[in-house]
Amino acid sequence: MQNTPKRKIKDSVFTSLFQEKKYLLQLYKTLHPEDDHVSEDEITDITIKNVLMDGIYNDLGFSVGNRLMVLVESQSIWSVNIIIRALMYLIQTYHDYFKRTNQNLYGSKKVNIPKPELYMIYTGERKDIPDTISFSNEFFDGIKIAIDAEVKVLYQANEKDIIGQYIIFCKVYNEQRKMHGNTKQAVTETIHICKGRNVLKEYLESKEMEVVDMWMEIFDDEYILKAYAKDIEASTAERVEKKTARDTAKKLIKKGKMSLEEIAECVSSLSLDELRQLKADIMQ
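Just so you know, we're using my numbering here: the sequence shown kicks off at 29 and counts up by one.
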């Protein structure tokens with residue numbers, strides 16, 4: 029496990045990359061090339077780190093001045109449920125905004141509210157990707173509903189912009205993981221190939237050791253989760269087997285045609301002492 033990178037390697041790179049203002053600015057300018065006068069000082073990180081007891085948090089959120097609020101989620105597995113999560117992020121982010129700007133939602137004065145934009149960066153293998161997905165279309169067959177939300181899907185690999193480079197990075201890593209498994213070699217080969225292609229080159233050169241260390245954490249989250257799930261599955265199967273054995277033993281004891289020793293041979297998962305106790309319970 030010491031040589032195994034975290035499965036969420038791409039998510040880690042995503043959050044690490046855009047924690048830096050210069051890359052966050054590049055992301056914004058990719059989304060809004062018409063706004064060529066914006067500076068790093070106008071961008072504020074509003075990512076939801078960890079809110080409420082169930083741990084609501086998103087990959088990236090930022091605002092530009094007082095005009096715009098952008099929430100971004102990176103996904104390697106296609107799921108329209110991202111729309112619902114985006115709505116939850118948006119409500120929480122607005123809640124934080126009104127609190128931060130001391131605005132009264134219960135007063136008569138109309139509050140100032142920045143325009144929202146919702147995006148999903150898709151890095152998976154699915155081919156038929158729509159440019160947008162909406163709450164109404166995906167969950168209510170397109171009928172008019174009280175509230176709707178539209179999420180723009182970004183999926184084009186393009187070496188000329190920061191989003192496209194991140195998508196290329198993810199695809200290179202997917203290819204290397206298929207070749208080398210979930211190993212350090214897959215990580216180092218990904219970095220080598222991307223630097224050679226000028227993909228996230230500046231970031232990878234300045235953060236290479238930090239990035240490798242980040243990926244090579246001892247505890248692999250997915251490994252632990254799989255091991256836990258396997259234990260739960262085994263425990264459940266054992267309980268089911270035990271219950272089945274007890275039910276069978278009860279029927280045989282009630283019939284009274286077999287000794288406890290003979291029944292123990294038929295239901296090997298129950299000991300003779302357990303069968304004696306079961307018989308005593310039945311006779312009461």
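Even glycine gets a Cβ: it sits at the ideal position worked out from N, Cα and C.
Predicted model only: the values in this text are computed from it and were never measured.
Where the beta strand (DSSP E) through residue i begins and ends
i: I149; result: 143-150
i: G101; result: For the record, residue 101 in the displayed sequence is Glu; it is not Gly. Taken as a continuous stretch (DSSP letters only), the beta strand (DSSP E) holding E101 covers 96-103.
i: G89; result: 88-92
i: V179; result: 178-182
i: I71; result: 71-73
Proximal residues to residue i (C-beta, below 6 Å), its chain only, five neighbours per side dropped
i: E178; result: T160, S162
i: L228; result: Q193, F197, C222
i: I195; result: T151, A185
i: Q131; result: V139
i: K180; result: Y147, T160
i: M97; result: S91, P142, P144
i: A214; result: Q204, R205, H208
i: V79; result: A caution first: V79 carries a pLDDT of 49, below 50, which makes its placement in the model too unreliable to give a value.
i: S234; result: none
Status (buried if at least 16 other CB within 10 Å, exposed otherwise) for residue i
i: Y56; result: buried
i: M237; result: exposed
i: G209; result: exposed
i: I119; result: exposed
i: T218; result: buried
i: I71; result: buried
i: F46; result: buried
i: Y134; result: exposed
i: A308; result: exposed
i: I8; result: An answer regarding residue 8 cannot be provided, because it is not within the stretch 29 to 312 covered by the chain.
Own chain partners of residue i with C-beta closer than 8 Å, once the 5 adjacent residues on each side are dropped
i: I310; result: K278, I281, K282
i: E343; result: The structure shown does not extend to residue 343, since the chain is modelled only from 29 through 312, so no value can be given for it.
i: D176; result: S162, F163, S164
i: Q54; result: D189, I190
i: T216; result: V240
i: I105; result: G152
i: K49; result: E68, I71
Supposed contact pair residue j and residue i - C-beta distance, whole angstroms, cut 8 Å
i: E269; j: S299; result: Wrong, their Cβ atoms sit about 14 Å apart, outside the cutoff.
i: I74; j: F90; result: 6 Å
i: V239; j: V41; result: 7 Å
i: S164; j: I173; result: 5 Å
i: I231; j: Y51; result: Reading off the sequence, residue 231 comes out as Tyr, not Ile. With a Cβ gap of about 7 Å, Y231 and Y51 count as contacting.
i: T129; j: L88; result: Not quite, the Cβ-Cβ distance comes to about 21 Å (not below 8 Å), so this is no contact.
i: D189; j: T58; result: 4 Å
Run of the alpha helix (DSSP H) containing residue i, from where it starts to where it stops
i: I119; result: 110-128
i: D309; result: 300-311
i: V200; result: 190-208
i: S164; result: 163-168
i: T216; result: 212-224
i: I76; result: From DSSP, I76 is part of no alpha helix (DSSP H); its letter is neither H nor E.
i: Q47; result: From DSSP, Q47 is part of no alpha helix (DSSP H); its letter is neither H nor E.
i: Y153; result: Here residue 153 is Glu; the residue named in the question, Tyr, does not match the sequence. Element bounds for E153: n/a, residue is neither H nor E.
i: I291; result: 288-294
Beta-carbon proximity list for residue i, same chain, < 7 Å, skipping 5 on both sides
i: K77; result: Y85
i: F126; result: L133, V139
i: M286; result: L280
i: R154; result: W106
Distance cut-off 7 Å: residue i Cβ against heavy atoms of the ligand ZN
i: V215; result: Of ligands this structure carries none, so the ligand ZN is not represented either.
Three CB pairs or more closer than 8 Å across the region 135-150 and the region 95-105: yes
Touch test, the region 202-218 against the region 132-148, Cβ-Cβ under 8 Å, three pairs minimum: The region 202-218, when compared against the region 132-148, does not touch it at the 8 Å Cβ threshold.
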